[in-house]
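Just below is one structure, and these are the notes that go with it.
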Amino acid sequence: MSDILVTGLKIGESARWHDGRLWLSNWGTHDILAVDADGSTEVMARVPVTIPFCFDWLPDGTLLVAAGPSGRVLRQEPDGSLVDFADVGGGLNEIVVDGRGNVYVNGGTDFHPDEGEAPGYIALVTSDGAVRKVADGLAFPNGMAVTADGSTLIVAESFAGLLTAFDIEPDGGLANRRVWAKAMADGIVLDAEGAVWTPCMTADGKPVCVRVAEGGELLATVPLDRFGFACTLGGEDGRTLFMLSAEWRMDEGFEQNIERLTTGPETGIVSTWQAPAPHAGHP
0 MSDILVTGLK IGESARWHDG RLWLSNWGTH DILAVDADGS TEVMARVPVT IPFCFDWLPD
60 GTLLVAAGPS GRVLRQEPDG SLVDFADVGG GLNEIVVDGR GNVYVNGGTD FHPDEGEAPG
120 YIALVTSDGA VRKVADGLAF PNGMAVTADG STLIVAESFA GLLTAFDIEP DGGLANRRVW
180 AKAMADGIVL DAEGAVWTPC MTADGKPVCV RVAEGGELLA TVPLDRFGFA CTLGGEDGRT
240 LFMLSAEWRM DEGFEQNIER LTTGPETGIV STWQAPAPHA GHP
């Protein structure tokens with residue numbers, strides 16, 4: 000049984016454990032929040048968009064924010080302000096930084112399955128702000144994670160029902176694209192046993208957070224009472240699973256749901272559950 004840690008969010012996204020606290024994007028507001036063990040929150044950054052925006056940190060602790068609609072990656076200055084770091088172009092969705100400082104962002108979520116299109120991509124941003132595309136042809140790229148040894152990047156292709164893996168090359172490029180597991184996935188996190196946690200829906204339409212092994216074996220399922228958007232592992236021993244969810248009506252379109260969630264009732268919550276293995280990798 001999961002426990003509720005935070006209520007009153009619009010849409011919680013981009014869950015990360017950092018500096019002893021849970022951090023998240025509160026979509027529908029401009030806020031990146033840090034959450035203490037008692038559920039109290041602190042605004043850590045104000046972002047110039049309301050949806051979508053995600054974030055991660057460079058190895059030196061500098062906060063980077065992917066401001067989705069503008070296609071820009073922003074860097075937080077010591078005074079808390081956000082300045083341009085890179086202009087990627089197009090709508091961005093997720094960001095992850097590996098242990099060497101390679102910054103990966105994905106976008107291209109304007110997906111039309113009836114037209115056979117998969118315009119999603121992953122771009123690499125280097126420390127000087129240079130941008131190059133390192134993968135394309137993705138069906139709605141979503142959460143990303145890098146293994147602890149820095150050798151592999153895994154991305155959720157939400158509209159293909161796949162977790163897709165790439166080898167990370169010495170120059171930060173991606174190669175050897177392959178199916179890591181057949182699984183519906185959104186925001187993802189890796190654990191120390193090499194499994195991926197992700198929120199998804201069961202075949203009969205119930206929201207859950209699942210633990211999936213490479214190859215697709217389902218290792219654990221945690222029920223949710225509303226639609227899940229992201230999750231991460233953290234806490235003192237790295238085994239607390241933080242799950243971010245909000246009401247989502249499957250009979251409504253995407254735009255209608257976003258409008259209702261960002262302007263209507265604050266249904267977003269953070270719930271927790273004790274996982275069998277601790278966090279590993281990035282983010």
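In numbering that gives the first Met the number 0, the protein residues as written are 0 to 282.
The beta carbon of each residue, even a glycine, is placed where N, CA and C say it ideally should be.
In the structure shown, what three-state DSSP assignment does residue i receive?
i: Ser69; result: helix
i: Thr262; result: helix
i: Phe110; result: For Phe110, the predicted structure reports a pLDDT of 48, less than 50, and the residue's modelled location is therefore unreliable. A value from the coordinates is still provided. Three-state result, Phe110: coil.
i: Glu168; result: coil
i: Glu235; result: coil
i: Glu41; result: strand
i: Glu216; result: coil
i: Glu254; result: helix
i: Phe139; result: coil
i: Phe54; result: strand
i: His4; result: Checking the displayed sequence, the identity of residue 4 turns out to be Leu instead of His. Looking at Leu4 - three-state DSSP - the assignment turns out to be strand.
i: Asn101; result: coil
i: Val269; result: strand
i: Trp247; result: coil
i: Ile187; result: coil
Can you tell which of the options has the C-alpha that lies nearest to the C-alpha of residue i?
i: Ala202; options: Ala182, Arg177 and Pro275; result: Ala182
i: Leu91; options: Val82, Phe84, Gly67 and Gly79; result: Gly67
i: Gly233; options: Ser244, Arg248 and Pro275; result: Pro275
i: Asp166; options: Ser157, Val178 and Asn105; result: Val178
i: Gly89; options: Gly98, Cys208, Ile121 and Ser80; result: Ile121
i: Val130; options: Gly38, Ser157, Arg225 and Val102; result: Val102
i: Arg71; options: Arg259, Thr231, Ala147 and Val87; result: Val87
i: Arg210; options: Pro58, Leu189, Gly204 and His281; result: Leu189
i: Pro282; options: Arg248, Val195, Val48 and Pro206; result: Val195
i: Phe52; options: Leu81, Pro58, Asp59 and Ala180; result: Leu81
i: Val96; options: Asp135, Gly79 and Ala147; result: Ala147
i: Gly171; options: Ser150, Ala180 and Ala164; result: Ser150
i: Arg176; options: Leu8, Gly100 and Leu162; result: Leu162
i: Lys205; options: Glu192, Ala191, Gly193 and Phe226; result: Phe226
i: Glu12; options: Gly98, Ile187 and Glu216; result: Ile187
i: Arg45; options: Leu57, Ala33, Asp35 and His29; result: His29
i: Gly98; options: Lys132, Leu73 and Ala144; result: Ala144
i: Ser69; options: Asp83, Ala164, Asp78 and Leu57; result: Asp83
In the DSSP assignment, what residue or residues form a beta bridge with residue i?
i: Gly11; result: Asn25
i: Lys132; result: Ala122
i: Trp16; result: Leu21
i: Asp83; result: Leu73
i: Met280; result: Sequence inspection shows Gly at residue 280; the Met mentioned does not correspond to that position. Partner(s): none; Gly280 has no beta bridge.
Give the straight-line distance between the Cα atoms of residue i and residue j, rounded to the nearest whole angstrom.
i: Ile268; j: Leu123; result: 32 Å
i: Trp16; j: Gly128; result: 25 Å
i: Thr220; j: Ile50; result: 28 Å
i: Ala214; j: Gly27; result: According to the sequence provided, residue 214 is Gly. The question's Ala does not apply to it. Cα-Cα distance, rounded: 36 Å.
i: Gly107; j: Ala138; result: 9 Å
i: Asp2; j: Pro277; result: 18 Å
i: Val42; j: Thr6; result: 15 Å
i: Glu265; j: Asp185; result: 21 Å
i: Ile10; j: Ala155; result: 19 Å
i: Gly64; j: Phe54; result: Here residue 64 turns out to be Val, not Gly, going by the sequence shown. About 4 Å.
i: Asn105; j: Glu93; result: 6 Å
i: Gly38; j: Leu4; result: 5 Å
i: Phe110; j: Pro140; result: In this prediction, Phe110 has a pLDDT of 48, which is less than 50 and means its spatial position is unreliable; what the coordinates show is noted afterwards. Looking at the two C-alpha atoms, the distance is approximately 10 Å.
i: Met200; j: Pro118; result: 24 Å
i: Ser157; j: Ala85; result: 26 Å
i: Val48; j: Asp59; result: 25 Å
i: Asn25; j: Gly136; result: 29 Å
Indicate whether at least one CB of chain B lies closer than 8 Å to the CB of residue i.
i: Pro198; result: No chain B appears in the structure shown, which is made up of a single protein chain.
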